[in-house]
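**Q** Numbering (our numbering), first residue to last: 2 to 58.
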């Protein structure tokens with residue numbers, strides 16, 4: 002963000018999240034390390050289908 006304000010609010014209802022870990026994208030060193038975490042099924046995340054596994058949080 003380069004200007005304007007950011008507002009963070011609580012969700013209207015709390016829902017459990019499916020946190021998944023995938024292989025990292027676009028790197029050449031340590032690419033095997035699973036350090037890409039995302040919310041499963043999130044439509045705003047690209048490339049979710051590769052090497053997806055759920056983790057417990």
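Positions of the beta carbon are idealized from the N, C-alpha and C atoms, including for glycine.
Name the DSSP beta bridge partners of residue 20, please?
**A** If you number the chain shown from 1, residue 20 lands on position 19. Paired residue(s): 40.
**Q** Given 8 Å as the limit, is there contact between the segment 9-20 and the segment 36-46, that is, 3 or more CB pairs closer than that?
**A** Short answer: they touch.
**Q** Output the distance between the C-alpha atoms of residue 6 and residue 16, rounded to the nearest integer angstrom.
**A** Position 5 of the chain shown, counted from the first residue, corresponds to residue 6. Position 15 of the chain shown, counted from the first residue, corresponds to residue 16. Their backbone Cα atoms lie some 26 Å apart in a straight line.
**Q** Could you tell me how far apart the beta carbons of residue 34 and residue 25 are, in whole angstroms, since I believe they sit closer than 8 Å?
**A** The residue labelled residue 34 in the question sits at position 33 within the chain shown. The residue labelled residue 25 in the question sits at position 24 within the chain shown. Sure, about 7 Å apart at Cβ, within 8 Å.
**Q** Hey, how far is the Cα of residue 3 from the Cα of residue 47?
**A** Numbered from 1 along the chain shown, position 2 holds the residue referred to as residue 3. Numbered from 1 along the chain shown, position 46 holds the residue referred to as residue 47. The straight-line gap from Cα to Cα measures roughly 24 Å.
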